[in-house]
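> Line order of the protein sequences matches chains E and P. Position 53 (the first sequence) corresponds to 53 in the UniProt record's numbering; numbering is contiguous. Position 339 (the second sequence) corresponds to 339 in the UniProt record's numbering; numbering is contiguous. Glycine residues also receive a C-beta, built at the ideal position from the N, C-alpha and C atoms. Since the structure is predicted, the reported quantities are computational estimates derived from the model, not experimental observations.
There are 2 protein chains.
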Amino acid sequence: MPYFDAASAAPLHPVARQALLASLDEGWADPARLYREGRRARMLLDAAREAAAEAVGCRADELVFTPSGTRAVHTGVSGALAGRRRVGNRLVVSAVEHSSVLHAAEAHAAAGGSVTEVPVDRSGAVEAGAFAAALDGNTALACLQSANHEVGTEQPVARAAAACREAGVPLLVDAAQSLAWGPVAEGWSLLTASAHKWGGPAGVGLLAVRKGVRFAPQGPADERESGRAPGFENLPAIVAAAASLRAVRAEAEAEGARLRALVDRIRTRVPELVPDVEVVGDPVRRLPHLVTFSCLYVDGETLLHELDREGFSVSSGSSCTSSTLTPSHVLRAMGVLSEGNVRVSLPAGTAEEDVDRFLAVLPGVVARVRERLGAPVAAPAPAAGSGPLVVDSLGKRCPIPVIELAKVIGDVPVGGTVTVLADDEAARLDIPAWCEMRGQEYVGEEPSPRGGTAYVVRRLG
Amino acid sequence: MPYFDAASAAPLHPVARQALLASLDEGWADPARLYREGRRARMLLDAAREAAAEAVGCRADELVFTPSGTRAVHTGVSGALAGRRRVGNRLVVSAVEHSSVLHAAEAHAAAGGSVTEVPVDRSGAVEAGAFAAALDGNTALACLQSANHEVGTEQPVARAAAACREAGVPLLVDAAQSLAWGPVAEGWSLLTASAHKWGGPAGVGLLAVRKGVRFAPQGPADERESGRAPGFENLPAIVAAAASLRAVRAEAEAEGARLRALVDRIRTRVPELVPDVEVVGDPVRRLPHLVTFSCLYVDGETLLHELDREGFSVSSGSSCTSSTLTPSHVLRAMGVLSEGNVRVSLPAGTAEEDVDRFLAVLPGVVARVRERLGAPVAAPAPAAGSGPLVVDSLGKRCPIPVIELAKVIGDVPVGGTVTVLADDEAARLDIPAWCEMRGQEYVGEEPSPRGGTAYVVRRLG
Chain E
1 MPYFDAASAA
11 PLHPVARQAL
21 LASLDEGWAD
31 PARLYREGRR
41 ARMLLDAARE
51 AAAEAVGCRA
61 DELVFTPSGT
71 RAVHTGVSGA
81 LAGRRRVGNR
91 LVVSAVEHSS
101 VLHAAEAHAA
111 AGGSVTEVPV
121 DRSGAVEAGA
131 FAAALDGNTA
141 LACLQSANHE
151 VGTEQPVARA
161 AAACREAGVP
171 LLVDAAQSLA
181 WGPVAEGWSL
191 LTASAHKWGG
201 PAGVGLLAVR
211 KGVRFAPQGP
221 ADERESGRAP
231 GFENLPAIVA
241 AAASLRAVRA
251 EAEAEGARLR
261 ALVDRIRTRV
271 PELVPDVEVV
281 GDPVRRLPHL
291 VTFSCLYVDG
301 ETLLHELDRE
311 GFSVSSGSSC
321 TSSTLTPSHV
331 LRAMGVLSEG
341 NVRVSLPAGT
351 AEEDVDRFLA
361 VLPGVVARVR
371 ERLGAPVAAP
381 APAAGSGPLV
391 VDSLGKRCPI
401 PVIELAKVIG
411 DVPVGGTVTV
421 LADDEAARLD
431 IPAWCEMRGQ
441 EYVGEEPSPR
451 GGTAYVVRRL
461 G
Chain P
1 MPYFDAASAA
11 PLHPVARQAL
21 LASLDEGWAD
31 PARLYREGRR
41 ARMLLDAARE
51 AAAEAVGCRA
61 DELVFTPSGT
71 RAVHTGVSGA
81 LAGRRRVGNR
91 LVVSAVEHSS
101 VLHAAEAHAA
111 AGGSVTEVPV
121 DRSGAVEAGA
131 FAAALDGNTA
141 LACLQSANHE
151 VGTEQPVARA
161 AAACREAGVP
171 LLVDAAQSLA
181 WGPVAEGWSL
191 LTASAHKWGG
201 PAGVGLLAVR
211 KGVRFAPQGP
221 ADERESGRAP
231 GFENLPAIVA
241 AAASLRAVRA
251 EAEAEGARLR
261 ALVDRIRTRV
271 PELVPDVEVV
281 GDPVRRLPHL
291 VTFSCLYVDG
301 ETLLHELDRE
311 GFSVSSGSSC
321 TSSTLTPSHV
331 LRAMGVLSEG
341 NVRVSLPAGT
351 AEEDVDRFLA
361 VLPGVVARVR
371 ERLGAPVAAP
381 APAAGSGPLV
391 VDSLGKRCPI
401 PVIELAKVIG
411 DVPVGGTVTV
421 LADDEAARLD
431 IPAWCEMRGQ
441 EYVGEEPSPR
451 GGTAYVVRRL
461 G
């Protein structure tokens, strides 16, 4: 049963499993104690820290283990902001950071701080110049992920780091998605990651803070992990995390090249096999194992269920699969289609056959979902109608507003407009994206007198 | 090799190990995902929550899993204080709470809040009336442990809870040391605990918040664990924690009775076998598996090393074994001897023979340490001297000041005084404790003109 959601959580690496089992016996005691079980635990902890620091590219005394990548980000952001409180209170983040960074930014804003979000282009990449321009004399910290977790696009970390150095601003790099594949480019001040993304166990994140970076941990502390991560160390899991990081790094070059080719196959074949698909994210500057595409006229949740029934586990940034009723903030920031969104992230060791079977199954699955939703199957016939058309999709969830738009576009004379009334947040993203894919003109939106929003589209051909 | 430090961390229970192994295979995926691996993880998480809630005595939706007992306490205290910010800003705690509670209290005070510490008696117990008296109209939260982690004394939780209900103040009970043995008395509002204390793995704590208790989680949050514990769930460890809690509870009555008898044996035999020992903590209202005693004229760190060489792992609240240079805050609050302090906490399954061997080995170990330190071996001879005596122990670490006091007391005429100059913090606790054990009068302390403190002792006999 192919599991294609490594970006959420990777299955436990065999090396991690082995290390975990060994350290359940050897590393359960308190490493702060003086007796032999404690000394043994301390040795395991020290060795794990050395190994993780080597993989990160920092000194062991710059790195602490946290209970998760999310906690590493929260601690890193709040500690760095507090450490530079006298300099300023601005936090600069890219618009496509992981939610843990954005939640930390929200908490900062709620406490009276200021937050600047740097936009991304349609590939999901920050423009380094724009990032540099956002740094001002009031900026306490900047955050930029090494690569995006939803679309795989790599960020210009080296150039952002140079700009930060120039501006005297520390840079926190969330390396959760890329650390398995290699170290982050030089120049970061703080770095965070999460073990279960690289085949380590849950319950372990890491936070590295370069010597010389002002850092003031917030909240109650204790003497563990240099006062940066209170609470009894999750030692067997830490040992397993460090061991598996070393193991995946040893395999990274070969496995990365193999998965990169499989992802290229998906990127090429999906638009050939499935009509009306947008493959998103940078095709070249990207993570080796991750690809995201969106299918017009498809409900993301149904698509996931159908793929699950066929044996494939993938995730989606469509609003229809989340409890928030809004599409993924990453897709929104990129301005790409969000309906029928599928993220495929291949775990190490993924079989080529499984990818091929996915490609074989996908077209039929998408077609079935579209058929059930009554999606248009052919390009619109030339119109004979007249006058401005209005489609009322109020109260209807994605992808229905786009489906209804597609159904009437044939009735619109070339040069004429159609207005779609919708109150589903996804329409704001998906109607312009549909226009771009279909070569129609997206005119704009205005409040609808009947509630929701009126989206205006001009037929060009 | 007998490990007698279960109160720090218990070795992994066989049931925990088994559950952990099984859920490494079944529970590594993200429980928030819709595909089968995610649904399976969600089922495991739900079942673990049900099991833990049953053991705690609350509803499943009142309980969240945290990365450690410490994090549960920090989250519980800050969330409850924030939830009642409009009522007041006072936090009431006992003086012998776990450091995680006291660290949370320090953070509260640093943020401008007010903290009241309720003292304990010489057994380590809070007096329920004094606890009730500390609750005022400005009190947002009160904290009382179920039983003390250093001396085993049970706290009057039921009476404290009644007083809190009366005053309309929520009560947080840190049940870390007692939850393995049974549920906490009714009446608590928030409850915290830590899995590695009951033979579960590291990396799991729990926080229960009763419905109706005002609670506002602080810091960045996400959608996991009801917004109270951000970050990817440490699922295999959570499953193991819940399974082992159920297992230790099934064994609690029989094993508790067996360990209680072993601890009684230690409590009775140690003062018979070793001269000049104070066994501390309540002899009856106590945890079944834990006993603490202090040995006059002994350096705690050396004692621990000697016991370790004999194969016994125990901990100590002596200042000489910690990096803080002050004795344990618990021993200080109780006003008992801190030098040569030993905490024995028996893990489930401790063999009777190991306890007997400990009792056989201890007298020789203590005698050797005393001999090396030049401690007095006999009661003082009647004095013939005259005039006030001064002992200069400035710059000397515990237990030297007390040893030097004991050596000269024989030179002091009955009714006369001796003054000990000392700058080791432990002397403040250990000189009065020595007086009580020796039937001499502790007159008091004053600043010493030569630095440090002058402790005055009157010879009574």
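Run through DSSP, which three-state label would R36/P get?
It is helical.
> Give me whichever residues DSSP pairs with S313/E in a beta bridge.
Answer by DSSP bridge pairing, in chain order: Y3/E.
> Select from G340/P, A348/P and R357/P the residue whose C-alpha is nearest the C-alpha of A375/P.
Comparing Cα positions, the closest option is G340/P.
> Out of Y35/P, A9/P and L144/P, which has the shortest C-alpha to C-alpha gap to S313/E?
It is Y35/P whose Cα lies nearest to the Cα of S313/E.
> Under a CB-based cut-off of 9 Å, is M1/P close to chain E?
Yes, because at least one Cβ of chain E sits closer than 9 Å to the Cβ of M1/P.
> In this structure, how does DSSP classify residue 466/P when only helix, strand and coil are distinguished?
Lying outside 1 to 461, the shown extent of chain P, residue 466/P is not represented and no answer is given.
> On the criterion of 16 or more Cβ atoms from any shown chain inside 10 Å, does L332/P qualify as buried, or is it exposed?
Reading off the sequence, residue 332/P comes out as Arg, not Leu. With 16 or more Cβ atoms within 10 Å of its Cβ, R332/P is classed as buried.
> Kindly indicate which residue of E97/P, V342/P and S114/P has the alpha-carbon position closest to the one of F293/P.
Comparing Cα positions, the closest option is V342/P.
> Give a yes or no on whether the minimum CB-CB distance between H196/P and chain E is below 9 Å.
Judged by the 9 Å Cβ criterion, H196/P is in contact with chain E.
> Let me check you understand the geometry: is the CB of G439/E closer than 8 Å to at least one non-hydrogen atom of the ligand COA?
With respect to small molecules bound, the structure shown includes none, and the ligand COA cannot be examined in it.
> With a cut-off of 8 Å on the beta carbons, I'd call G452/E and A422/E a contact; round off their distance for me.
Right, the Cβ-Cβ distance comes to about 6 Å (below 8 Å), so this counts as a contact.
> Starting from the beta carbon of E272/E, find every residue of chain P whose beta carbon is closer than 8 Å, and list them in chain order.
Simply none; closest approach about 26 Å.
> Here's a check: name, in chain order, each residue in its chain whose Cβ is nearer than 8 Å to the Cβ of T417/P, leaving out the five neighbours to either side.
For T417/P, where only same-chain residues beyond five positions count, the Cβ hits under 8 Å are P388, L389, V443, V456, V457, R458 and R459.
> Under 9 Å Cβ-Cβ, which residues of chain P neighbour R90/E?
In chain order: nothing, as chain P lies at least about 17 Å away.
> Below 8 Å, how does it come out for the stretch 116-127 of chain E and the stretch 95-106 of chain E: are there three or more Cβ pairs, yes or no?
Short answer: they touch.
> Is G444/E close to chain P, meaning its C-beta is less than 9 Å from at least one C-beta of that chain?
Not an interface residue.
> From L296/P to G317/P, what does the alpha carbon distance come to, in whole angstroms?
Computed Cα separation, rounded: 14 Å.
> With distances taken between CB atoms, is the gap from T192/E to A60/E smaller than 9 Å?
No.
> Is the shortest distance between the beta-carbon of P382/P and the beta-carbons of chain E less than 9 Å?
Because P382/P sits at a pLDDT of 49, beneath the cut-off of 50, its placement in the model cannot be relied upon, and the following sentence gives the value as read from the coordinates. Judged by the 9 Å Cβ criterion, P382/P is not in contact with chain E.
> Is it right to say P14/E is buried, meaning 16 or more other beta carbons lie within 10 angstroms of its own, or is it exposed?
It is exposed - the Cβ of P14/E has fewer than 16 other Cβ atoms within 10 Å.
> At a Cβ threshold of 9 Å, is G374/E touching chain P?
Cβ-Cβ to chain P under 9 Å: no for G374/E.
> On the premise that A195/P lies in contact with P201/P, defined as a C-beta separation below 8 Å, what is that separation, rounded to the nearest angstrom?
Right, the Cβ-Cβ distance comes to about 6 Å (below 8 Å), so this counts as a contact.
> Note the first and the last residue of the continuous alpha helix (DSSP H) segment covering E26/P.
It spans P14 to E26 - the alpha helix (DSSP H) in which E26/P sits, taken as one unbroken run.
> State the Cα-Cα distance for the pair S189/E and W198/E, rounded to the nearest angstrom.
Approximately 22 Å between the Cα atoms of the pair.
> By the three-class DSSP mapping on this structure, what secondary structure does T302/E have?
Residue state, collapsed to three classes: helix.
> Quick check on D46/P: buried or exposed, where buried means 16 or more other Cβ atoms within 10 Å of its Cβ?
Per the 10 Å Cβ criterion, exposed.
> Distance, Cα to Cα, A257/E vs P347/E?
The alpha-carbon atoms of A257/E and P347/E are separated by roughly 13 Å.
> Using 10 angstroms around the beta-carbon of T66/P, count the other beta-carbons present and answer buried if the total reaches 16, otherwise exposed.
It is buried - the Cβ of T66/P has at least 16 other Cβ atoms within 10 Å.
> Going by C-alpha distance, which of L91/E, S146/E, G112/E and P156/E is nearest G137/E?
Measuring from the Cα of G137/E, the nearest candidate turns out to be L91/E.
> With a cut-off of 8 Å on the beta carbons, I'd call D299/P and V204/P a contact; round off their distance for me.
With a Cβ gap of about 36 Å, D299/P and V204/P do not count as contacting.
> For the stretch 231-245 of chain P against the stretch 19-28 of chain P, do three or more pairs of beta-carbon atoms, one drawn from each stretch, fall closer than 8 Å, so that the two count as touching?
Output reads yes: the stretch 19-28 of chain P touches the stretch 231-245 of chain P.
> Thinking A82/P and H103/E are a contact (beta carbons under 8 Å), I'd like their distance in whole angstroms, please.
Their Cβ separation, rounded to whole angstroms, is 17 Å, which puts A82/P and H103/E out of contact at 8 Å.
> Based on DSSP bridge pairs, tell me the residues matched to L262/E.
Note: L262/E sits in no beta bridge, so no partner.
> Does D299/P have its Cβ less than 9 Å from a Cβ in chain E?
Not an interface residue.
> Determine the DSSP secondary structure at C58/P, reduced to helix, strand or coil.
In the structure shown, C58/P sits in coil (DSSP, three-state: anything other than H, G, I, E or B).
> Under DSSP, the alpha helix (DSSP H) around C164/P begins and ends at which residues?
Start and end: V157 to A167.
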